Each structure stands twice: as structure tokens, then as C-alpha cells.
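Trainee: Okay, handing you the structure first.
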Amino acid sequence: MVPSAIVVLDTLPLNPSGKVDRKALPAPDLHTASAAAYEAPQGEVETAIAAVWADVLDVDISRVGRHDNFFEVGGDSILSLQIIARLRRTGWHLTPRQIFELQTIARLGVAAQRIDDGALAAPDAASPLGRLDDFLDAAAIAALPIDPASIEDVYPLVPTQEGMLLHSVEAPDSGLYVNQLNVEVRHLDPDRLEAAWRVMVARHAMLRTAVLWQPGMTRPLQLVLREAPSAMTRLDWRGEADTARRIADFARAELTRPIDWLRPPLSRVAVIQLDEDRHQLVWTRHHLLSDGWSDARLMAEWLRCYAGEALPRRAALWRLRALAAAAGCRRAAGLLDRGACGPRRPHA
Numbered sequence: 011m012v013p014s015a016i017v018v019l020d021t022l023p024l025n026p027s028g029k030v031d032r033k034a035l036p037a038p039d040l041h042t043a044s045a046a047a048y049e050a051p052q053g054e055v056e057t058a059i060a061a062v063w064a065d066v067l068d069v070d071i072s073r074v075g076r077h078d079n080f081f082e083v084g085g086d087s088i089l090s091l092q093i094i095a096r097l098r099r100t101g102w103h104l105t106p107r108q109i110f111e112l113q114t115i116a117r118l119g120v121a122a123q124r125i126d127d128g129a130l131a132a133p134d135a136a137s138p139l140g141r142l143d144d145f146l147d148a149a150a151i152a153a154l155p156i157d158p159a160s161i162e163d164v165y166p167l168v169p170t171q172e173g174m175l176l177h178s179v180e181a182p183d184s185g186l187y188v189n190q191l192n193v194e195v196r197h198l199d200p201d202r203l204e205a206a207w208r209v210m211v212a213r214h215a216m217l218r219t220a221v222l223w224q225p226g227m228t229r230p231l232q233l234v235l236r237e238a239p240s241a242m243t244r245l246d247w248r249g250e251a252d253t254a255r256r257i258a259d260f261a262r263a264e265l266t267r268p269i270d271w272l273r274p275p276l277s278r279v280a281v282i283q284l285d286e287d288r289h290q291l292v293w294t295r296h297h298l299l300s301d302g303w304s305d306a307r308l309m310a311e312w313l314r315c316y317a318g319e320a321l322p323r324r325a326a327l328w329r330l331r332a333l334a335a336a337a338g339c340r341r342a343a344g345l346l347d348r349g350a351c352g353p354r355r356p357h358a
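Note that the numbering used here has the sequence shown beginning at 11, numbered continuously upward.
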């Protein structure tokens, strides 16, 4: 981890037992991490941006200067999305790309555009939250191996995801960060299970997400496609010998299969029929897009759909993004977001 600020003390405060008294340590002043001389925000738009920064970054607005760098005073990729949402409510529009490229209030104030009153309503759940031109120029978009019209949403990876991507790209056959459920199931209806899986792919953006990272890009992007393949792999091994070894070999091959990051789903399902009443379910997915908590939630919905039960109403993507921005990554990895310790760029 790279610290966002360093506090130098003559001595460390100790508690009666002689250990460092962490509660007595002074809080770091993240504002001093910026080398720019303080200058107050000027004009309506800079004042609006400064107020949003102060609220989101939890700093005193009187100490937010127009030349402060967003990432040096505690900002990160997740908080940048919250900045954009808050600014929109005040009538100003900025893009994630502008925040990453311009970084200071003075420069962002020039780029910000006034939003008409009629455009201030909450975005429609079906409309994309992110646009390719928020992050890529026209030449880069034209060179994409994916049809831009097929993309529903665009947003950057957070530093933790970037780290997982780096290790996976450097060791493509290692199975790093690839999780797998490999279990025997009885009384399974494969057709109904596959139909339920198709519902999951249509319902959950993470199952339709590709990762774009190529020469010239400053950071990887997640591309949520409007549609993605949702078929399960179906194998019939009835009457075959040594199925236990074959299952182990198949599961191992799935774990180490090279990943095409631009071809979702990065979550694959295979069902192997062993006899008339036994199947082997092998579900393989990359940790970059889901963790244990989200896997459990997805499995619960998948089984409910398989059982014919009604599913809960899906939250609009923009609401989920707002919740994630509000909840996560406070001041974490500000330097990582500037590329100090992020993944190396792909070779040209």
C-alpha cells in the first residue's frame, strides 16, 4: 500500500502498557499532500465543484483550493463517480474522463457544462451510466474490436480489480483469481437450469461485462454489453469409465483456460450428465467481477428462478452505482488511481 500522506512526529504517543496509543495519533492532513499554493475557488462553477469536493471528501470547504489535485487530497475512481452525480444535481456536467485528465477545480471549472433544468431528472434505468467517449477519444473508439452500439455501460476498474487483472494477464494459465464450484447434483433438470441461467445473464450486468485494456489506455475499463452468450456447456458421459478422473481433469482445464477479456461471460457453467439421475455442475468465474457475497446472491436467485419462484425487482443501475460510490473506497488508493502502483500498461 502507498500512503496518501505522511505525518512526522518527534515521539510516538504510548499507552500505560508501553504500546503505541493509536487513538492519540494525529489525523493526517490530506490537504497538505497537495504541493499547490492555496487559492480560493473563483466563480459559480468552481464554487459548486469545491462544495461537492468538500462534502464527498469530508474536508473543510475553506481549505479546498482551486489548484488542489483531486487524487492528492483523497479522491479515487469510485469517489469520482459520486462527484459527478452530486454535480449533476447542482446543474453541472462533468465526465469521469475529465476528472481523471484535468484533476483540479480550476481546470474542471473550464470543462464543466451547464445542464438544462429539464435534464436534471434521475437517469432512466435503461440508459447507460457511462459512455465510451467519457474515457476514449474518437480514434480509440473506432479501433475497438467491439461494436460500440452493443455496449450498455462503461466504467473503470477500481484498484483492487486492476491488481487482479495484472496478475491474471501476467500468468494467463495459472488460474489466479478464478473461483469454481464443482459439485454433483441429483434430480436435476438441465433444460430448466439453463433457462434460469439465461435469465441471470440478462438480469445481472456482471455476467455481461468485458474488460478493455490495450495500448494507449491509461487504465482498464469495464464494458457492460447489452447481450452476451448465455448457453451452458452440456456434456453426456453416461456409460463412460473413470468419470471421477475425467471430472477432475475437466474442472482443472476450466480453471486454467486462457481468458478472452473482451468476450463475456467471464463466468462459465458446465453440466455433465453422469447417469439418468446424476449430473456434475461445474461453475467457473473470475474473482475480478464477483466475490463470495455476490456469488452467493447470484446462486440464490438462480435457484429461485430454477424453482419457478418470483425474483425481487432489480434495482436501477444508476442507484446501485450511487450506493457503491457512497459506501466504498474512502480515500483508498488515491496514489494508485494516479498510476503510481497500478498495473503496467499493455505493451504496444
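Yeah, the Cβ is synthetic: ideal placement off N, Cα and C, and Gly gets one too. The model shown is predicted, which means the values in this text are computed figures rather than measured ones.
Would you say residue 283 and residue 194 are within 8 Å of each other, going by their C-beta atoms?
Mentor: No, they are not a contact pair.
Trainee: Identify every residue that forms a DSSP beta bridge with residue 25.
Mentor: Bridge partners of residue 25: none, in fact.
Trainee: Per DSSP, what kind of secondary structure is residue 159 in: helix, strand or coil?
Mentor: Residue 159 falls in the helix class under three-state DSSP.
Trainee: Looking only at DSSP bridge pairs, what is residue 282 linked to?
Mentor: Note: residue 282 sits in a beta bridge opposite 245 and 290.
Trainee: What is the residue span of the beta strand (DSSP E) that residue 220 lies within?
Mentor: Note, residue 220: beta strand (DSSP E), 219 to 222.
Trainee: Measure how close the beta-carbons of residue 215 and residue 234 come, nearest whole angstrom, since I'm counting them as under 8 Å.
Mentor: Contact flag correct, Cβ pair sits at about 5 Å.
Trainee: List the DSSP bridge partners of residue 169.
Mentor: According to DSSP, which records beta bridges pairwise, residue 169 is partnered with nothing at all.
Trainee: Based on DSSP bridge pairs, tell me the residues matched to residue 295.
Mentor: Paired residue(s): 189 and 277.
Trainee: So residue 112 is in the alpha helix (DSSP H); what residue range does that whole segment cover?
Mentor: Looking at the DSSP string, the run of the alpha helix (DSSP H) that includes residue 112 is 106 to 112.
Trainee: So residue 277 packs on residue 217, CB below 8 Å; how close in whole Å?
Mentor: Contact holds; Cβ gap of about 6 Å.
Trainee: When you compare each of 60, 35, 124 and 160 to residue 272 by their alpha carbons, which one comes out closest?
Mentor: Comparing Cα positions, the closest option is 160.
Trainee: Find the nearest neighbour of residue 116 within the set 322, 87, 49 and 73, judged by alpha-carbon distance.
Mentor: The option with the nearest alpha carbon to residue 116 is 49.
Trainee: Out of curiosity, what's the CA-to-CA distance linking residue 220 and residue 240?
Mentor: For residue 220 and residue 240, the distance between alpha carbons rounds to 14 Å.
Trainee: Of the choices 124, 29, 16 and 198, whose alpha-carbon is the least far from that of residue 82?
Mentor: Cα-wise, what sits closest to residue 82 is 16.
Trainee: Skipping 5 residues on each side, what residues in its chain have a beta carbon closer than 7 Å to that of residue 183?
Mentor: Excluding residues within five positions, the ones whose Cβ falls inside 7 Å are 266 and 268.
Trainee: Which first and last residues belong to the alpha helix (DSSP H) in which residue 55 is found?
Mentor: 53 to 67 is the span of the alpha helix (DSSP H), which, as asked, contains residue 55.
Trainee: Considering only residues of the same chain and omitting the five flanking positions on each side of residue 2, which have a CB-CB separation below 7 Å?
Mentor: Nothing can be reported for residue 2: it is not among the residues displayed for the chain, which extend from 11 to 358.
Trainee: Can you list, in chain order, the residues of its chain with a C-beta nearer than 6 Å to that of residue 30? Leave out the 5 residues immediately preceding and following it.
Mentor: Excluding residues within five positions, the ones whose Cβ falls inside 6 Å are 22.
Trainee: Whose CA, out of 84, 121 and 75, lies closest to the CA of residue 97?
Mentor: The shortest Cα separation from residue 97 among 84, 121 and 75 belongs to 121.
Trainee: Just to confirm, does residue 301 get its C-beta within under 7 Å of one of the non-hydrogen atoms of the ligand GTP?
Mentor: With respect to small molecules bound, the structure shown includes none, and the ligand GTP cannot be examined in it.
Trainee: Closer than 8 Å is the cut-off here; do at least three beta carbon pairs connect the region 101 to 120 with the region 54 to 72?
Mentor: They touch, by the three-pair rule.
Trainee: In the DSSP assignment, what residue or residues form a beta bridge with residue 365?
Mentor: Outside the shown range of the chain, which is 11 to 358, sits residue 365, and nothing can be said about it.
Trainee: With distances taken Cα to Cα, identify the nearest neighbour of residue 108 among 169, 250, 143 and 156.
Mentor: Of the candidates 169, 250, 143 and 156, the one whose C-alpha sits nearest the C-alpha of residue 108 is 143.
Trainee: Determine, using beta carbons only, whether residue 145 and residue 106 come nearer to each other than 8 Å.
Mentor: Yes.
Trainee: Taking just the CA atoms, how far does residue 207 sit from residue 250?
Mentor: About 27 Å.
Trainee: Taking the continuous alpha helix (DSSP H) assigned at residue 97, which residues delimit it?
Mentor: First-last of the alpha helix (DSSP H) with residue 97: 87 to 100.
Trainee: For residue 63, which option in 35, 198, 33 and 100 has the closest C-alpha, if you only look at C-alpha atoms?
Mentor: Here the closest residue by C-alpha is 100.
Trainee: How big is the Cα-Cα spacing for residue 252 and residue 315?
Mentor: About 33 Å.
Trainee: Name the two residues that bound the continuous alpha helix (DSSP H) containing residue 118.
Mentor: Where residue 118 is concerned, the enclosing alpha helix (DSSP H) stretches over 115 to 121.
Trainee: Once DSSP output is grouped into helix, strand and coil, what is the label at residue 214?
Mentor: DSSP places residue 214 in coil when its eight states are reduced to three.
Trainee: Once DSSP output is grouped into helix, strand and coil, what is the label at residue 314?
Mentor: It is helical.
Trainee: Let's see if you can read the secondary structure: which residues bound the alpha helix (DSSP H) around residue 265?
Mentor: Start and end: 253 to 266.
Trainee: Is it buried or exposed for residue 238, if we count other Cβ within 10 angstroms and need 16 for buried?
Mentor: Buried: at least 16 other Cβ atoms inside 10 Å.
Trainee: Within a Cβ cutoff of 6 Å, which residues of the same chain sit near residue 305, ignoring the five residues on either side of it in sequence?
Mentor: If we look at residue 305 and ignore the five residues flanking it on each side, it has no Cβ neighbours.
Trainee: Opposite residue 30 in the DSSP bridges: which residues?
Mentor: DSSP, once it has assigned bridges, lists 24 as partnering residue 30.
Trainee: What do you get for residue 95, buried or exposed, if any count of 16 or more other CB atoms within 10 angstroms of its CB means buried?
Mentor: Buried.
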